[in-house]
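Below you'll find the structure, written out as structure tokens, and then a few comments.
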Ligand SMILES: [Mg+2]
Ligand SMILES: [Zn+2]
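Protein chains in written order, with the numbering used here: chain L, 18 to 507; chain R, 3 to 484; chain Z, 2 to 97.
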């Protein structure tokens, strides 16, 4: 074999499985071995169940032996962010609140993966309830960046990005509310795709901010991202916000669109602030690459960019304050042992004081504040109106261009602890990613180079439900470079 | 000084449906605890609500029946508050864009006696909105137990303007809503099963004063009479306080039906801060004319309209309509017979409202299982009308047999030999005999006392062994004397 | 909005049902104040007549027909409960 099994792509592995040159059980064993080999350093997993994973792999082999494979994902280990419900498995959201919670049901995306034979592998670390950009807000562990163990992997899908980068899973699922797939993908040198809002069902994704959350793939190459996105997409009648739109065949579309001369926009507001930081160099080179392909590169304007972070933190925290009210010490969460029994609300106050970490408390209280009596119009309603303006910015830009190119993050992965004491500066590290969530458009991060030995991501933003175009654009770059075959030394 | 009460009601009505309002788990009453739950009802991480079309149909129908305006669109909001019976610690409800605006409920106040229609009045509605119900708390000495079966049942909240002035009006208001809901098949409104629950806002002020007095909220009004009694008690209490020169404090009170008095639950703490905001998990609802028309067409003739029509079209006395109309099935049953022979409607109405209802209740049966049909009942009324058998025979001998066996009137008459074995000529002979034997009443009649001829009826009936038709006898006697 | 402290941390934490220590309150109110100060930049924008966005791709009338489609068993529904009795969740005595 030309490279280690654990760094092979899903499509390569799928072929080996199909030709019976590899069994799913052996693939799973190799994945388990790799996971154990590096997990002390990476710390991507909250938990995993070897016996269960091997049983799933065994069932996959049995299907193939009987000539009834469920398709290209059958037997492929997929790591799952620990905020997606898998029946019978822990669902902790990296919170003490749900430390002992075992889900009694499957998320729709999980149901879809199961029906396609994927082997669900492990529960991947995240910032508590997906609130953060570094995975330092996990109640259980801090995941390390496989490229530099002193650095954060990004967040909130830090465990998903790190596991994919370190070869602990063939691919992983994450969720993205303000950049939580793209930013860690960028920091860990993998491909991360946040689908259009409504493309993938949110049923079974523990909600952070309902109008922003989307589930999406983190993979080591673009084709695998297409494959995994294909598997989880589709309208779901259990999610009222799931959009009734057909799912294209992404791989076919990519094949058809090869060599297409795209018109690509550079939002001037994004490049003005990024100026010439070291992290910008690979992004600018990537842009030159597209120009060299004959793509038209155009400057465009997204005039309300400067207001996106403020808008986002009002909307996201307001929704979160309500979404997280259910974690209350009553039905299934951590319940404080000691509380004032004479004060009927103290069981809530004490259980939540013990169960929530600092960042969650901060955001829940901020969200409670912006919705509270007398402030709704000034904050929440205002933010919803600005959200309209931000959406319109994109609509206007997409009249001129097919997609936008931007950096994914202002800097490469920073050192652990560096921003922990300054939440606002942490929030500002999301400036390039959050607008896509506010506008509901798809966004993708693609490895495009390094800065100080740390990966840098190129962000591609596209029109609603045009993930196929994002994938095609990314694929052109990936084919002409060898970033997908570069891996951290662990 | 004279005082008057000002009362507004908030009425919660469960909408009848197979599944819950935001989840397709079954809805119902009286099941083992926590057997009608799923991820949505338990508020599990990742669970999402999806609207139930039947709940929307139900409330729009209710709105149309209660004269509301149905706006073109409405949306969902979250009302945030922590309570153990609330799985998400927010209720999905409608804050500033309810699905039904305005409207009114026509009520009837008690008349001077049972036979007389009381005053009708319109109580204005503020709105009706849709929301999810919560679970049920069972209280014990040291703790409480939560059952989420009821959680997420479809619930509509009917909010009235402060248009009522007495417990009696509140009673009439609830009665009218209940009848309308049952008529339309929206809810059974069984208060014992919690399908209808009312809270009242009550204040008292000196007559002539424009501003409202300080209101209190009265909860736990678990029956329609509870509403009446609780409100009346509370009006008396507040009036007494005001007369003593005391002020009323804003508070929540509860009606204790066992003790027959109201008791304070809590003084108003800081105003609730519910942090309403649009629910991002649900899409707005648009209601077009086609949808409204379709539902409008499913609404049957409503009780007051039916009552007015029965009185006019069938010349029914109010007392009979007030028995028939509140029950949609019974009144339809009546009309199935009456519309065939409108001139016999009174006789049909009497039989239904008196004999039929009495026998059904004695047998513990409902009209659906009744062996008498509108057609056979009409047959009975007809044989009386044709003079074949007298009314008393029909009521006492024929009707009970028909009720028992399901036979037609003719079959019963035949089987029991109730048909008179004499003809009209024979009746004439008996009548002449009676006139001859009773000269005094005959003379009184001739002197102008109309009623005195009644004294001849008895003797003729005796001669016919009860089989003569009294109407016919009266007619013949008059003919013979005049 | 005023220039002094924005947030009544005691009131807001109580609304959010989270007990905070005095140290937490001090730290949080300072951090939240700077965040709120930052988000107030939205005031600069004129949003007169702009429709609020509640959903990125709004559609209407997303519902299901009234059909029963499954449930959790009582056991599954209660398996994570911190305290249960008689198939119900035990909570401290609450006054309604
Ligand atoms: Mg209310
Ligand atoms: Zn209500």
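From the three backbone atoms N, C-alpha and C, an ideal C-beta is built for every residue, glycine too.
Q) Using CA coordinates, which residue listed in 131(L), 127(L), 134(L), 103(L) is at the minimum distance from residue 120(L)? A) The residue with the shortest Cα to Cα distance from residue 120(L) is 103(L).
Q.
Whole angstroms are fine: how far does the CA of residue 27(Z) sit from the CA of residue 385(L)?
A. So the alpha carbons of these two residues sit roughly 17 Å apart.
(Q) Let me check you understand the geometry: is the CB of residue 133(R) closer than 6 Å to at least one non-hydrogen atom of ligand 2? (A) Within the cutoff, so yes.
Q) So what does DSSP say about residue 360(L), is it helix, strand or coil? A) The answer is coil: DSSP assigns residue 360(L) none of H, G, I, E or B.
Q) Hey, would you say the C-beta of residue 254(L) is under 6 Å away from at least one heavy atom of ligand 4? A) In the structure on display, ligand 4 does not appear, and the ligands it does have are ligand 1 and ligand 2.
Q.
Our contact map puts residue 420(R) next to residue 404(R) with C-beta atoms below 8 Å; I'd like the distance itself, whole angstroms only.
A. So it is not a contact: roughly 12 Å between Cβ atoms.
Q: Determine, using beta carbons only, whether residue 268(R) and residue 82(R) come nearer to each other than 7 Å.
A: Contact: no.
Q: Output the distance between the C-alpha atoms of residue 37(R) and residue 28(R), rounded to the nearest integer angstrom.
A: Each residue's alpha carbon lies about 9 Å from the other.
Q. Which whole-angstrom value describes the C-beta separation of residue 414(L) and residue 284(L), a residue pair presumed to lie in contact below a C-beta threshold of 8 Å?
A. Confirmed, about 7 Å.
**Q.** residue 413(R): CB within 6 Å of a non-hydrogen atom of ligand 2
**A.** Not so, every heavy atom of ligand 2 lies at least 6 Å from the Cβ.
Q | Range of the contiguous alpha helix (DSSP H) that encloses residue 191(R) | A | Boundaries for residue 191(R): no alpha helix (DSSP H) harbours it, and the DSSP string shows neither H nor E there.
Q) What number of angstroms, rounded off, separates the C-alpha of residue 146(L) from the C-alpha of residue 47(R)? A) Distance between the alpha carbons of residue 146(L) and residue 47(R): 10 Å.
Q: May I have the straight-line CA-CA distance separating residue 430(R) from residue 368(R), to the nearest angstrom?
A: So the two alpha carbons sit approximately 44 Å from each other.
Q: Kindly indicate which residue of 202(R), 414(R), 480(R) has the alpha-carbon position closest to the one of residue 436(R).
A: Out of 202(R), 414(R), 480(R), the CA that lies nearest to the CA of residue 436(R) is found in 480(R).
Q. If you check the beta carbons only, do residue 13(R) and residue 160(R) fall under 7 Å apart?
A. Contact: yes.
Q. Mind pulling the chain R residues with CB within less than 9 Å of residue 110(L)?
A. By Cβ distance, chain R contributes 47.
Q.
So, at 6 Å on beta carbons, what are the nonlocal neighbours of residue 18(L) in its own chain, with the 5 sequence-adjacent residues on each side left out?
A. Only weak support is given to the placement of residue 18(L): the predicted model assigns it a pLDDT of 39, under 50, and the value that follows is read from those uncertain coordinates. Taken in chain order, the list of residues that qualify is empty.
(Q) Taking 6 Å as the limit between beta carbons, can you name the residues of its chain near residue 392(R), skipping five residues before and five after? (A) Only 471, 472 meet the Cβ criterion.
Q: With 9 Å as the limit, tell me which residues of the stretch 166-189 of chain L have their beta carbon closer than that to any beta carbon of chain Z; keep them in chain order.
A: For the stretch 166-189 of chain L, the set of residues with a beta-carbon nearer than 9 Å to any beta-carbon of chain Z is empty.
Q: Apply the 10 Å Cβ neighbour rule to residue 10(Z) and answer buried if 16 or more other Cβ atoms are within range, or exposed otherwise.
A: A residue is called buried when at least 16 other Cβ atoms come within 10 angstroms of its Cβ; residue 10(Z) meets this threshold and is buried.
Q.
For residue 296(L) and residue 338(L), what's the separation of their Cα atoms in angstroms?
A. Distance between residue 296(L) and residue 338(L), taken at the CA atoms: about 34 Å.
Q: Drop a sphere of 10 angstroms on the beta-carbon of residue 211(R), count the other beta-carbons inside from all chains shown, and report buried for 16 or more, exposed for fewer.
A: Classification of residue 211(R): exposed, given that the 10 Å Cβ count is below 16.
Q | Neighbour-count burial assignment, residue 213(L), 16 or more Cβ in a 10 Å radius | A | Answer is buried; the Cβ neighbour count reaches 16.
Q. Which runs of the beta strand (DSSP E) spanning at least 3 residues fall entirely within the stretch 83-142 of chain L, listed in chain order?
A. Counting whole runs of 3 or more residues, the stretch 83-142 of chain L contains the beta strand (DSSP E) stretches 94-98, 136-141.
**Q.** N- and C-terminal bounds of the alpha helix (DSSP H) containing residue 25(Z)
**A.** 23-40 is the extent of the alpha helix (DSSP H) around residue 25(Z).
Q | Assumed close pair residue 60(L), residue 159(L) - CB separation to whole angstroms, cut-off 8 Å | A | Yes, residue 60(L) and residue 159(L) are in contact; Cβ-Cβ is about 7 Å, under 8 Å.
Q: List the DSSP bridge partners of residue 189(L).
A: According to DSSP, residue 189(L) bridges with 96(L), 235(L).
Q: Report yes or no: do three or more beta-carbon pairs, one from the stretch 337-351 of chain L and one from the stretch 112-119 of chain L, lie closer than 8 Å?
A: Result yes; three or more Cβ-Cβ pairs closer than 8 Å.
(Q) If distances are taken between C-alpha atoms only, which option among 30(Z), 8(Z), 55(Z), 75(Z) comes closest to residue 43(R)? (A) Nearest option by C-alpha distance: 75(Z).
(Q) Check whether the stretch 18-33 of chain R and the stretch 496-506 of chain L are in contact - that is, three or more C-beta pairs closer than 8 Å. (A) At 8 Å Cβ cutoff, the stretches do not touch.
Q: Mark residue 442(R) as exposed unless 16 or more other C-beta atoms lie within 10 angstroms of its C-beta, in which case mark it buried.
A: Exposed: under 16 other Cβ atoms inside 10 Å.
Q.
Can you tell me whether residue 159(R) sits near ligand 2, meaning its C-beta is under 6 Å from at least one heavy atom of the ligand?
A. True, at least one ligand heavy atom lies under 6 Å from that Cβ.
**Q.** Among 156(R), 72(R), 94(R), nearest to residue 56(R) - alpha-carbon criterion
**A.** Checking every option, the nearest Cα to that of residue 56(R) belongs to 156(R).
Q | Limits of the unbroken alpha helix (DSSP H) element including residue 492(L) | A | Going by DSSP, residue 492(L) is part of the alpha helix (DSSP H) stretching over 484-497.
Q: Check whether the Cβ of residue 127(L) lies closer than 7 Å to any Cβ atom in chain R.
A: Using a Cβ-Cβ cut-off of 7 Å, residue 127(L) does not count as an interface residue toward chain R, since no Cβ of chain R sits closer than that to its own.
Q) So residue 70(Z) is in the beta strand (DSSP E); what residue range does that whole segment cover? A) First-last for residue 70(Z): undefined, no H or E at that position.
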